[in-house]
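*Asks:* Everything in the sequence shown is counted per the UniProt record's numbering, starting at 1 for the first residue and increasing by one.
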Amino acid sequence: MGVVDQLSVYPVKSLAGRTVPEVEIEAAGLRGDRAWSVVEAGSGERVTVKTTPQLAEIVPSGDTEVDTVTVAERIGRPVRLAPSGGGPQVDAAAVHLVSREAIDRAAAGDVPEGCSADDPRANLLLHLTGGDERDWVGRRLQVGGAELEVVRTPKHCLGVYAEVRVPGRVAAGDAVRLLG
């Protein structure tokens, strides 16, 4: 059915991600994913890529002090990094999956209504041998050592969102298969 082509972790919500060869998928999502948020230094209000698009161009170094200075300089106002708390903080689900085929369809103009074909910021980029991940809603997948349940399609981006049913390790090249 398919394989994991690429794994991405986004340590700081709204900043660029890092491609990793393998990752542990925990009950709340990928270990280290969206563990930090950018917040206004004074109010503590979260700053997101929706209101500050240049955040997506910043690659976190892994050093919160350095990253705080980098973000503040780049966006021109005082901010700080704050722990997101309670595991990965994604707006919709624990894991975001997108296929290369969906990206290719979007590039050819086949973009789902209300959806942006821009960088989908997916955790798992898949290469499918057939089918469309949008057809997986309500189904379970085995991805490497993890089992995921696809819960819905995103409102504004490609792919599908999934919750973790069985945590496990996932690596680039691991098989993706529908269960049941």
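Glycine is no exception: its CB is placed at the ideal position from the N, C-alpha and C atoms.
None of the values given here were measured: they were computed from a predicted structure.
With 16 other CB atoms within 10 Å as the buried threshold, where does HIS96 fall?
*Replies:* By 1-based counting over the sequence shown, the position of residue 96 is 96. Buried, because 16 or more other Cβ atoms sit within 10 Å of the Cβ of HIS96.
*Asks:* Our contact map puts VAL166 next to GLY29 with C-beta atoms below 8 Å; I'd like the distance itself, whole angstroms only.
*Replies:* Here the question's residue 166 lines up with position 166 in the sequence shown. Here the question's residue 29 lines up with position 29 in the sequence shown. Between GLY29 and VAL166 the Cβ distance is about 13 Å, and since that is not below 8 Å, they are no contact.
*Asks:* Among the candidates THR52, SER84, ILE25 and SER8, whose CA atom is the shortest distance from the CA of ALA35?
*Replies:* Counting from one through the sequence shown, the residue named residue 35 turns up at place 35. Closest option to ALA35, Cα to Cα, is SER84.
*Asks:* Count the other CB atoms within 10 Å of the CB of PRO120; is the residue buried (16 or more) or exposed (fewer)?
*Replies:* Taking the first residue of the sequence shown as 1, we reach residue 120 at position 120. By the 10 Å Cβ count, PRO120 comes out buried.
*Asks:* For the beta strand (DSSP E) that ALA82 lies in, which residues bound it at each end?
*Replies:* Locating residue 82 in the sequence shown gives position 82, counting from the first residue. Segment 79 to 83, the beta strand (DSSP E) holding ALA82.
*Asks:* Give me, in chain order, the residues of the same chain whose beta-carbon lies closer than 6 Å to that of PRO78; leave out the 5 immediate sequence neighbours on both sides.
*Replies:* Taking the first residue of the sequence shown as position 1, residue 78 is located at position 78. The residues are ALA41 and ALA72.
*Asks:* Taking the beta carbon of ASP174 as the centre, do at least 16 other beta carbons fall within 10 Å, making it buried, or is it exposed?
*Replies:* For the purposes of this step, residue 174 is taken as the residue at position 174 of the sequence shown. That one is buried.
*Asks:* Counting C-beta neighbours from all protein chains within 10 Å, is the total for ALA107 16 or more, i.e. buried, or is it exposed?
*Replies:* As a first step, residue 107 is located in the sequence shown; it is residue number 107 there, counting from the start. Exposed, by the Cβ-count rule.
*Asks:* Give the secondary structure of THR68 by DSSP, where H, G and I count as helix, E and B as strand, and everything else as coil.
*Replies:* Counting from 1 along the sequence shown, the entry for residue 68 is found at position 68. DSSP places THR68 in helix when its eight states are reduced to three.
*Asks:* Taking DSSP as the reference, what is the three-state secondary structure of ASP104?
*Replies:* For the purposes of this step, residue 104 is taken as the residue at position 104 of the sequence shown. Correct three-state label for ASP104: helix.
*Asks:* Enumerated in chain order, which unbroken segments of the beta strand (DSSP E) with a length of 3 residues or greater are wholly contained in the UniProt domain "Molybdenum cofactor sulfurase middle" (1 to 74)?
*Replies:* 2 to 9, 18 to 20, 22 to 26 and 36 to 40
*Asks:* Going by beta-carbon coordinates alone, are VAL23 and ARG169 separated by less than 9 Å?
*Replies:* The sequence position of residue 23 within the sequence shown is 23, counting from 1. The sequence position of residue 169 within the sequence shown is 169, counting from 1. Taking the C-beta atoms as reference points, ARG169 is found nearer than 9 Å to VAL23.
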